[in-house]
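Residue numbers (the numbering used here): 167 to 870.
Reading through the structure tokens given below for one structure.
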């Protein structure tokens, strides 16, 4: 995965209120590459930080031009890192050439400032660079290495550091970056050298930005005077040059998952047809040549098929996502006996569950899929024995197909995790049955079904599911985020691996709970940064780096959360082949709209029009953008996501909106002459064909 291009605009000590407003307006109106291609940060003078932060487009961020070396106090004229955090300013520029040369800030002092800012949660643009005299004396690398060494001696985690090579009063060529990266490799670590962005802070402008941006070790720019001019937009667009370079396949990055995804996009492999055949490719890459051959095509096993359930016949008419799977068998970390003995679950006999579901009668089926069927049943709340229909506790019984071998592994994984984990936003697993060839799971009943049903199956005349209001969508998003936050916490340390709308279930009060832990994995331990595993999940939701490498982290779940959040905003599926070709992939289609205040409403679900404020829509879209970053390290963790959604909910409550279903909402006014008029298209036209029938709350596509 390449380093994301970075463009910083240092406005220095210039500008009036009106000039700043004009610059911000020009930036907001500009069409630039999406956030996953380029990260843009502008740095106005201190007095304008709140103004710029509150009016700037959500995909651009703001940096301070300096901060003090320690906690605030009796330091006249300084601003502390804590103050910037309190204002919501995420970035700060430190060690700028003017402060080094004019204010005599030493290497050690700059290093201390960088370390303290990072410790307070700020991200840092750390500047290094030589003077003209030092360059002419041939000591460029000696000077730059000493400056970088002072930072490296105090910083162990470089994830939030961008290194800006910024020569003083000199016109740079961009050639120092390669040597600087070699220094990082030798003196910090190969990982730091490979992932840290080194940007160019010399004399960059609209004329030379593309040439400089194409250099392999130049990851962007820190722009001075040109950032105040229209050509700053051209400099941002130079990121496309770098993006094009990354499209060239290299031997080290070529992988089977990438090939498989490409063939899906090209239409060689169907997303939804049950008869779809998997293709296994043996790829040999030698001297820049790629030789590939189709070894064989065979029908996938039932549990790993690309079928989508849509009621009892299992036929998919929704054009939804498909299962992505590699072709190796996972290992079980504990034996079956250890898992069953350590769980806090009731062991049911087959006859008990047979009685509870009235002999698994067809009219008690809640849903079905490749894994098996889910039946509605009743048990006595005290004895857990079968009860008469309509009495006792309502349960949902998932009955595994007896011929499903891989389904047994997922059945066991479900017991392994839900048998030990407990949280208000995880579905409760009551018990299981393992008797002869029978394998069943018993859950609490979630009467409102899945989020997928409410988002997508209330269209085209289906009456069972009502579309969720804006308020309820945000409530569900927060509940689901809390569930993921718990899984990622030190207490659980679990990677969910299959976060999608169909796995988010709603109880009678619309509380959301995560279900279906068949693909969950223990998170990395010790010094490991990821878990290497077979590639499984659902196409359209799986993170790109996971598809490319099989490396799984908690940030993989964060990406999937971003996809679902986008589904809730738009009312569209992650993958929908019934839409025009350019709109098949929701994330790719929506990106340009999410980063524009004028276009965001073209993404929003028409069914909730008037139920939200423009501010809430933009804040939620910005959160989705961050979660969907192509680089995992730029995605927020789920704790941050939860806090953002809580703040959004609190601000909405404080505005006086009433009810959980959107009554008396704060409306978005697109007709007032006092503000911009947003023109919307009807982007929610229902796909052709008959509506999908009720699939039941426990039927996860492709695996249940």
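Positions of the beta carbon are idealized from the N, C-alpha and C atoms, including for glycine.
Keep in mind the model is a prediction, meaning the values are calculated, not measured.
Classified as buried, residue 737 has 16 or more neighbouring CB atoms from the shown chains inside 10 Å of its CB.
For residue 773 and residue 633, the gap between their C-alpha atoms comes out near 7 Å. With respect to the C-alpha of residue 762, the residue from 787, 753 and 748 having the closest C-alpha is 787. Shown here, residue 702 sits in a strand according to DSSP, grouped into three states.
The beta carbon of residue 277 lies closer than 6 Å to those of 316, 317 and 320 in the same chain, with the five residues before and after it left out.
Distance check between residue 598 and each of 589, 590 and 585 places 585 closest, using alpha-carbon atoms only. Here the segment 190-210 makes contact with the segment 171-178; the two share three or more CB pairs at distances below 8 Å. Counting C-beta atoms within 10 angstroms of its own C-beta, residue 386 has 16 or more neighbours from the protein chains shown and is therefore classed as buried. Here residue 776 is exposed. Its C-beta has fewer than 16 other C-beta atoms within 10 Å.
Annotated as proximal: residue 734 and residue 621, with beta-carbon spacing under 9 Å. Of the residues 543, 525 and 511, the one whose Cα lies closest to the Cα of residue 587 is 511. Residue 595 has its alpha-carbon roughly 17 Å from the corresponding atom of residue 558.
The Cβ atoms of residue 537 and residue 576 lie closer than 9 Å to each other. By the neighbour-count definition (other C-beta atoms within 10 Å, threshold 16), residue 180 is an exposed residue. Less than 9 Å divides the Cβ of residue 803 from the Cβ of residue 654. DSSP places residue 598 within a strand segment (E or B) once states are collapsed to three. Ranked by how close their Cα comes to the Cα of residue 517, the residues 400, 643 and 543 have 543 in first place. Within the same chain, and ignoring the five residues on either side of residue 398 in sequence, the residues whose Cβ sits closer than 7 Å to its Cβ are 175, 389 and 392. Residue state for residue 723 is assigned as helix, using DSSP reduced to three classes.
Burial check for residue 285: the Cβ neighbour count within 10 Å stays below 16, so the residue is exposed. Take the alpha-carbon of residue 649 and the one of residue 377: they are about 47 Å apart. Under the DSSP assignment, residue 384 falls outside any beta strand (DSSP E); it carries neither an H nor an E label. Considering only 213, 220 and 204, the residue with the shortest C-alpha distance to residue 191 is 220. Contact check for residue 218 against residue 228 passes: the beta carbons are separated by less than 9 Å. In this chain, the beta strand (DSSP E) harbouring residue 293 covers 289-294.
Residue 672 sits away from residue 635, with the two beta carbons spaced by 9 Å or more. Scanning 238, 307, 302 and 233 for the CA closest to the CA of residue 288 turns up 233. In the three-state scheme derived from DSSP, where H, G and I count as helix and E and B as strand, residue 267 is classed as helix.
According to the DSSP secondary-structure assignment, residue 605 is paired through a beta bridge with 600. C-alpha of residue 195 to C-alpha of residue 800: approximately 24 Å in a straight line.
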